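Numbering (our numbering), first residue to last: 218 to 690.
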Amino acid sequence: MLFQSGAFLIFFPIVILLFYLIPQKEQMPFLLAASYYFYMSWNAKYALLLLFSTVLTYSCARLIEKAESAKSRKVFLILCLVLQLGILFGMKYLNFAVSLLARLLLLLHVELTVPAFDIVLPVGISFYTFQALSYVIDVYRKEEPAEKNFLQYALYVSFFPTILSGPIERSKNLLMQIRQQKRLNPEKIVTGLLIMAFGYFQKLIIAGRASVMVDHVYQNPDSSSALQILLAVFLFSIQIYCDFGGYSMLALGAAKVLGFDLTENFRQPYLAVSIQDFWRRWHISLSTWFRDYLYIPLGGSRCSRICKYRNIMITFLVSGMWHGAGLHYLVWGGLNGFFQVCEDAFSTVRRRLPCKRLLTFIVASFTWVFFRAESVSRAVHICLGVCRISGSHMRQLLEMGLGRTDVIVLVIAIAVLIVADLLHEKGISFTAWLLQRKIGVRYVVYLAVCMVLLLQVVADFGQPAASFLYFQF
Numbered sequence: 218m219l220f221q222s223g224a225f226l227i228f229f230p231i232v233i234l235l236f237y238l239i240p241q242k243e244q245m246p247f248l249l250a251a252s253y254y255f256y257m258s259w260n261a262k263y264a265l266l267l268l269f270s271t272v273l274t275y276s277c278a279r280l281i282e283k284a285e286s287a288k289s290r291k292v293f294l295i296l297c298l299v300l301q302l303g304i305l306f307g308m309k310y311l312n313f314a315v316s317l318l319a320r321l322l323l324l325l326h327v328e329l330t331v332p333a334f335d336i337v338l339p340v341g342i343s344f345y346t347f348q349a350l351s352y353v354i355d356v357y358r359k360e361e362p363a364e365k366n367f368l369q370y371a372l373y374v375s376f377f378p379t380i381l382s383g384p385i386e387r388s389k390n391l392l393m394q395i396r397q398q399k400r401l402n403p404e405k406i407v408t409g410l411l412i413m414a415f416g417y418f419q420k421l422i423i424a425g426r427a428s429v430m431v432d433h434v435y436q437n438p439d440s441s442s443a444l445q446i447l448l449a450v451f452l453f454s455i456q457i458y459c460d461f462g463g464y465s466m467l468a469l470g471a472a473k474v475l476g477f478d479l480t481e482n483f484r485q486p487y488l489a490v491s492i493q494d495f496w497r498r499w500h501i502s503l504s505t506w507f508r509d510y511l512y513i514p515l516g517g518s519r520c521s522r523i524c525k526y527r528n529i530m531i532t533f534l535v536s537g538m539w540h541g542a543g544l545h546y547l548v549w550g551g552l553n554g555f556f557q558v559c560e561d562a563f564s565t566v567r568r569r570l571p572c573k574r575l576l577t578f579i580v581a582s583f584t585w586v587f588f589r590a591e592s593v594s595r596a597v598h599i600c601l602g603v604c605r606i607s608g609s610h611m612r613q614l615l616e617m618g619l620g621r622t623d624v625i626v627l628v629i630a631i632a633v634l635i636v637a638d639l640l641h642e643k644g645i646s647f648t649a650w651l652l653q654r655k656i657g658v659r660y661v662v663y664l665a666v667c668m669v670l671l672l673q674v675v676a677d678f679g680q681p682a683a684s685f686l687y688f689q690f
């Protein structure tokens, strides 16, 4: 059930209506049932895996809290980590690990023939695994108490706006809100719907069109001109931002309609002045997860410079592998870590550089090539293809899968996105501004937004709904 699918557009209003009509003490059990129904719409059997992970982490957290000795607490934590990460490894990385082992043995002239395991990656497993583990680790650190109400904890793990692609919430935020009863708040509902509308705008109008041009080049790099490749490199940066950022906006908006405030996952990442700054703004819930549960435990920056750089590289290499089972993800993570190390090592030079935002966007865009390409060799091939650039390729910009009208719409939509991010960067909230206008002005804007999205839905009618990029992780 995709957020932009007809099924969700039926499911969500029904959930809203029943959620606010039923007695408040029944709200959270109802929301838990709705969340499991939503997850089972993808593959019902994987709800059993979700339930097992929920029972496991709930039980381990209770055992950790009740344990009398530090040794017992650590044993229960390690048990939970091994089982949870073992499930994630088996589902996501087993085939890749076996294939990599076979290739390494082949270098030693040892042939290993192992059939590929028929494993379908459960949607959202990387996200809900990390969300559940953060809770257990926080209980172990005595930063949060163990939740005694199993149904409330189960909702924390399976909450339908977040389970597929985050944000990766912490118990101190989401679980605390789950413990509270929700009252109908018209302002929150309107704000949530406006946030969702902007998420749909990002996904349907920008990411959908950009993906056509990007796919055209990545599938045919040899027949694409250097200018087309360069445009595709920059367009993928926009595509993945609007695709994943759009999903996050939909998740934040849907949760707000139901009375929940989720973690902001993006903060104008392409206005960053360095790669370090970029990762403080991009996929914030994951970046802070790795900071708190991997980078700082490794020693963080509270050690020698060499040790600090080692910690940065380990964190980004693991982050790269979290995104997918492939060497190109590992290289992508390694490149981001390498650029962070370089920025720290040459911080004096970096601060003097002109056009820092533009340079950061260019560097981030070329690292994304390794994320998008199917292999490291294909990514290198695409990057080298930019070197063939010449002025004669300008006419080929309209030969990348989109018609003239769609190209114009895409350019206008990207301009709107840039303006919105610039305003947000300055602390100006369009939603807050709109809610202060007269009712006539508000409804004209609501109608205009609905008309734009309706026209896009009509244009896409009969086409299969495009999945979000981060669903594969």
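Where a beta carbon is used, it is the ideal one built from N, C-alpha and C, also for glycine.
From a predicted model like this one, the values you see are computed outputs, not experimental measurements.
Cβ neighbour criterion (16 or more within 10 Å) applied to residue i
i, result
"residue 500", "buried"
"residue 650", "exposed"
"residue 460", "buried"
"residue 299", "exposed"
"residue 455", "buried"
"residue 191", "Given that the chain is displayed from residue 218 to residue 690, the structure contains no residue 191 and the question cannot be resolved."
"residue 478", "exposed"
"residue 309", "buried"
"residue 328", "exposed"
"residue 564", "exposed"
"residue 347", "buried"
"residue 431", "buried"
"residue 476", "buried"
"residue 395", "buried"
"residue 436", "exposed"
"residue 562", "exposed"
"residue 634", "buried"
"residue 671", "exposed"
For residue i, the nearest candidate out of the options (CA to CA)
i, options, result
"residue 517", "558, 221, 230", "558"
"residue 400", "254, 410, 238, 427", "238"
"residue 468", "376, 402, 652", "376"
"residue 415", "464, 370, 456", "464"
"residue 584", "572, 356, 533, 565", "533"
"residue 339", "267, 332, 387, 406", "267"
"residue 311", "243, 409, 374, 543", "543"
"residue 525", "555, 404, 505", "555"
"residue 427", "443, 458, 403", "458"
"residue 397", "620, 540, 243, 492", "243"
"residue 392", "353, 422, 553, 220", "353"
"residue 630", "572, 505, 511, 452", "452"
"residue 336", "325, 313, 450", "313"
"residue 255", "270, 273, 231", "231"
"residue 749", "277, 587, 492", "Nothing about residue 749 can be reported from this structure: the residues present for the chain run from 218 to 690 only."
"residue 568", "528, 535, 493, 512", "493"
"residue 648", "413, 620, 574, 442", "413"
"residue 294", "321, 246, 350, 248", "350"
"residue 449", "326, 488, 603", "603"
Residue i, DSSP secondary structure in three states
i, result
"residue 384", "coil"
"residue 258", "coil"
"residue 241", "helix"
"residue 394", "helix"
"residue 484", "coil"
"residue 519", "coil"
"residue 359", "coil"
"residue 336", "coil"
"residue 459", "helix"
"residue 593", "helix"
"residue 379", "coil"
"residue 445", "helix"
"residue 345", "helix"
"residue 419", "helix"
Beta-carbon proximity of residue i to residue j, cut-off 7 angstroms
i, j, result
"residue 364", "residue 389", "no"
"residue 641", "residue 485", "yes"
"residue 474", "residue 406", "yes"
"residue 334", "residue 383", "no"
"residue 577", "residue 504", "no"
"residue 257", "residue 264", "yes"
"residue 496", "residue 385", "no"
"residue 290", "residue 281", "yes"
"residue 599", "residue 438", "yes"
"residue 540", "residue 592", "no"
"residue 240", "residue 368", "no"
"residue 515", "residue 528", "yes"
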